[in-house]
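Participant: Following this message is one structure expressed as C-alpha cells.
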Amino acid sequence: MLRWWEDAVFYQVYPRSFRDSNGDGIGDLKGITKQLDYIAQLGVDALWLSPFYPSPQVDAGYDVSDYCDVDPQFGTLADFDELLSQAHARGLKVTIDIVPNHCSNQHPWFLAAVAAGRGSAERARFHFVDGRGDNGNEPPSNWTSVFGGPSWTRVPEPDGSPGQWYYHLFAAEQPDFNWEHPDVLAEFERIFRFWLDRGVDGFRIDVSDALIKDTSWTDTEGRWPLIPKDDSCGVHQIYRHLRRVMDEYPGDRMAVVETGASDDIVALFIRPDEMHLAFNFRFVKAQWSAKDFRAAIEESLAANVAVGAPTTWVSENHDVTRSVTRYGSNLNLEGAYIPGVSGGADVDVQRGRLRARAIAILLLSLPGAVYIYNGQELGLHNIDDLPDDVIQDPSFFRTQGAVRGRDGCRIPLPWVHDATAAGFSDTETTWLPVSESYRSLAVDQQIPDANSMLTLYRDMVALRKSSPALRHGRLEWTDAAEGLLTYEVSYEGETLAVVVNFGDEPAGLPEGPVLMMSSPLDSSRQLPADAAAIVRKF
Ligand code: GLC
8 MLRWWEDAVF YQVYPRSFRD SNGDGIGDLK GITKQLDYIA QLGVDALWLS
58 PFYPSPQVDA GYDVSDYCDV DPQFGTLADF DELLSQAHAR GLKVTIDIVP
108 NHCSNQHPWF LAAVAAGRGS AERARFHFVD GRGDNGNEPP SNWTSVFGGP
158 SWTRVPEPDG SPGQWYYHLF AAEQPDFNWE HPDVLAEFER IFRFWLDRGV
208 DGFRIDVSDA LIKDTSWTDT EGRWPLIPKD DSCGVHQIYR HLRRVMDEYP
258 GDRMAVVETG ASDDIVALFI RPDEMHLAFN FRFVKAQWSA KDFRAAIEES
308 LAANVAVGAP TTWVSENHDV TRSVTRYGSN LNLEGAYIPG VSGGADVDVQ
358 RGRLRARAIA ILLLSLPGAV YIYNGQELGL HNIDDLPDDV IQDPSFFRTQ
408 GAVRGRDGCR IPLPWVHDAT AAGFSDTETT WLPVSESYRS LAVDQQIPDA
458 NSMLTLYRDM VALRKSSPAL RHGRLEWTDA AEGLLTYEVS YEGETLAVVV
508 NFGDEPAGLP EGPVLMMSSP LDSSRQLPAD AAAIVRKF
C-alpha cells in the first residue's frame, strides 16, 4: 500500500507572491485560502508553503525570528488554521517549510547570546568563535557565505569592546544554530510538535544537510565551508530523532529534505528511519538534450532504489530561474549554486515555453513525487530586468550587485488580465512589480484556452491521477533515434509510451491513441521538435 506522499503532486506556494488579500502589496495566508479552489482544480495532492513565520524578511522569510507564529504581514495563526481546514476540506494536504540551519539575528536566542557575552550558555547554542590575528581581528576561517562575502560577522561584547565572531552560512542576519547543543534539537522537536498538533501533514526542511559543521574551522582552498554529511557526523541522528517524533502522529506525516549533496549522500537522508523524500534537482540542472534528461532520470531512480524511497521530480522553485527562461536560453546551471543563477541575455521565450510544455508531460509521467512551483503551471518566464532599486535578494547586496539573485522567479502571479496588478493585489505598489508581460498569461486568460499551459497542467495532472502507470509504473527505456527520449511506463496491464522530442526534426510516434501532447502533431502524425506526447499501447 503506497503512502500518500510517495506519488503525490505537491504545489509550492510562495506566500508573498501568490495572492494579496488586504491590499498591502504582499501576498498573504488569506489570499492563499481565497485561491484554494484554483489549487484544487489543478488536481494536485498537497501544498508546500514557503515560510510565513515572523521574520525581519532579510531573506524573504528564511530568517525566522519565531518558529511558532505567523508574521503579521502574512496574517495570524487563526488565518493559518483556516487555511489548513479549508485545504483539508478540499482533500489537499498541507506541508510547511522548517528552517533549522539558522534563525534570524532577531530571534530571542540570538539576541540573548549577543547580550550574554563570551563563554555564556546562551552563546553555546550558536557558533561564536574568537577571531584570529591581533586582538582577534581576523575571522576564524576563510569560509565564504553562500550569498557572498565572509561567513563570519563580529559582535561587540557587552562592554562595547570588539568581540567574538559568529558563523552564518547565508546572510549575516541568519546566524547558524549549533546543532551539537541539545537545546537546539529539543527546541526543534517542540516546533515540529507545535505544527503537527495543529494538523500539518508534513514539512519541507530547508538546508537540511548543513546542520553539523566541522568546528575545527580549518581554512579551505575554495573558501567553501566544511560540512560533513556522512553517517558518523551526527546529522543523521538528528533526523532519526525527528522521525520518531513524526511517527507518533497518525496520518502518514512526511518530510522532504532540501539538500544539494551528491546522490549517494542524499540517499542517506531518506533511509527508512530518517526523512521521507529528498528534492532531486537533476532536472533543474539538465541541459536541453535527450542524453542529459535520460541520465538525470536514470541516475535519480538508481540512487533511491538502494534506500527504497521514491524520488522527486522538480524543475522549478523559488531559488532558480524559471524553466521557460532556462529552456529558452539553454542556461547552464551545472555546478551553479542555486542563488547565483539569473537568466541569460538571449532568451527565446516562445521556444522556452514550448519546451516547458514538453517537460510538464515528462515530469508528470515519472514514478515518484512531483513538485510544481506556483506560476510554473502558467508558463511564467523569469523577469531579469528588474531595476536595482526594487531588488530584494540578499545575494545582490552581499555581492555589491554582481549577483542579481532570485527575485526574477518570485514575481507576483497574474490572475486577471485587466485588473490592477494583474489581479494579484488591489494596489499597483506590490513587493516586486508585477510584470506587464505576465498579463497575457493571467489565470483568467488561460482557463478558457484549450491550448494554454494551465490547461495542459490540469489535463496532465488528471491523466496522471487516472493512470497508475504514470505515478508508480515500471519504467523501461525504448530504442530511440538521436534527439528523442522514449520510454514506457507500465502498471497492471496498462502500458503508456512517452516520447519527448529534444531534436530539431519531427519524429514518428508509436501506434495507439495519443492521450496527451504538448504541441499539435503534423498531418503525418509526427511529433514536432520541442514537444512531448503520451500514447496508449495495446
Ligand atoms: C534554501 C532556501 C532559500 C534560502 C536558503 C537559506 O536554499 O530555499 O530560499 O535563501 O535556504 O535559508
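For the sequence shown, our numbering gives the first residue as 8, with consecutive numbering after it.
Glycine is no exception: its CB is placed at the ideal position from the N, C-alpha and C atoms.
Note that the structure is predicted; figures quoted are calculated from it, not measured.
1) Apply the 10 Å Cβ neighbour rule to residue 524 and answer buried if 16 or more other Cβ atoms are within range, or exposed otherwise.
2) Using the beta-carbon count (16 or more within 10 Å), is residue 195 buried or exposed?
3) What does the alpha-carbon distance come out to for the pair residue 33 and residue 66?
4) Excluding five sequence neighbours on each side, which residues of the same chain lie with their C-beta closer than 7 Å to the C-beta of residue 429?
5) Is residue 345 helix, strand or coil by DSSP?
6) Can you determine whether any heavy atom of the ligand GLC sits closer than 6 Å to the C-beta of residue 397, and answer yes or no?
7) From the DSSP output, in three-state form, read off residue 489 for me.
8) Cα-Cα, which of 144, 162, 175 is closest to residue 231?
9) By Cβ distance, which residues of its chain are closer than 8 Å to residue 520, with the 5 residues on each side in sequence left out?
10) Write down the C-beta distance between residue 14 and residue 478 rounded to the nearest angstrom, noting that I regard them as a contact closer than 8 Å.
11) Under 6 Å from any heavy atom of the ligand GLC, does the C-beta of residue 69 make it?
12) Kindly confirm or deny that the region 244 to 264 and the region 289 to 307 touch, where touching means at least three C-beta pairs closer than 8 Å.
13) Who are the near neighbours of residue 329 in its chain, counting only those whose CB is closer than 7 Å to its CB and skipping five residues on each side?
14) Between which residues of its own chain and residue 39 is the CB-CB distance below 7 Å, once the five residues before and five after are set aside?
15) Confirm, please, whether the CB-CB distance from residue 476 to residue 494 is below 7 Å.
16) Please identify the residue among 243, 95, 403, 473 whose C-alpha is closest to the C-alpha of residue 548.
17) For residue 172 and residue 147, which I take to be in contact (beta-carbon distance under 8 Å), what is that distance rounded to the nearest angstrom?
18) Does the beta-carbon of residue 488 have 16 or more other beta-carbons within 10 angstroms, so that it is buried, or is it exposed?
19) Where residue 268 and residue 275 are concerned, what is the direct C-alpha to C-alpha distance, given to the nearest angstrom?
20) Pop quiz: residue 16 and residue 379 are said to be a contact at Cβ under 8 Å. What is the actual Cβ separation, rounded to whole angstroms?
21) Could you pull the start and end residues of the beta strand (DSSP E) that residue 169 belongs to?
22) Under 7 Å, do residue 613 and residue 180 count as touching if we go by C-beta distance?
23) Excluding sequence positions up to five away, which residues of its chain have a Cβ less than 7 Å from the Cβ of residue 97?
24) Looking at residue 511 and residue 539, is the spacing between their C-beta atoms short of 7 Å?
25) Taking the beta strand (DSSP E) that residue 539 falls in, what are its first and last residues?
26) Using only alpha-carbon positions, find the residue among 126, 253, 469 that is nearest to residue 367.
27) Among 377, 374, 372, 385, whose alpha-carbon lies nearest the alpha-carbon of residue 359?
Facilitator: This is what the structure gives:
1) By the neighbour-count definition (other C-beta atoms within 10 Å, threshold 16), residue 524 is a buried residue.
2) Within a 10 Å sphere around the beta-carbon of residue 195 sit 16 or more other beta-carbons, which makes this residue buried.
3) 15 Å
4) Correct list, in chain order: 421, 422, 423, 441, 445, 446, 449.
5) Caution applies to residue 345, whose pLDDT of 42 falls short of 50 and renders its modelled position unreliable; the model cannot decide the point.
6) The ligand GLC never approaches residue 397 closely enough for any of its heavy atoms to be under 6 Å from the residue's Cβ.
7) Residue 489 falls in the coil class under three-state DSSP.
8) 175
9) Correct list, in chain order: 542, 543.
10) Between residue 478 and residue 14 the Cβ distance is about 4 Å, and since that is below 8 Å, they are a contact.
11) At least one heavy atom of the ligand GLC is found less than 6 Å from the C-beta of residue 69.
12) no
13) 323, 387, 388, 389, 416
14) When the five nearest sequence neighbours on each side are left out, the beta carbons in the same chain lying within less than 7 Å of the beta carbon of residue 39 are those of 20, 22, 25, 26, 90, in order along the chain.
15) no
16) The first residue shown for the chain is 8 and the last is 545, placing residue 548 beyond what the model contains.
17) Going by Cβ atoms, the distance from residue 172 to residue 147 rounds to 6 Å, so yes, they are a contact pair.
18) exposed
19) Pairing residue 268 with residue 275, the inter-Cα distance amounts to about 10 Å.
20) Between the beta-carbon of residue 16 and that of residue 379 there is about 7 Å, and that keeps the pair under the 8 Å contact cut.
21) Where residue 169 is concerned, the enclosing beta strand (DSSP E) stretches over 169 to 174.
22) Residue coverage of the chain in this structure runs from 8 to 545, which leaves residue 613 outside it and unanswerable.
23) If you ignore the 5 residues before and after residue 97, its C-beta comes within less than 7 Å of the C-beta of 43, 47, all in its own chain and listed in chain order.
24) no
25) 538 to 544
26) 469
27) 385
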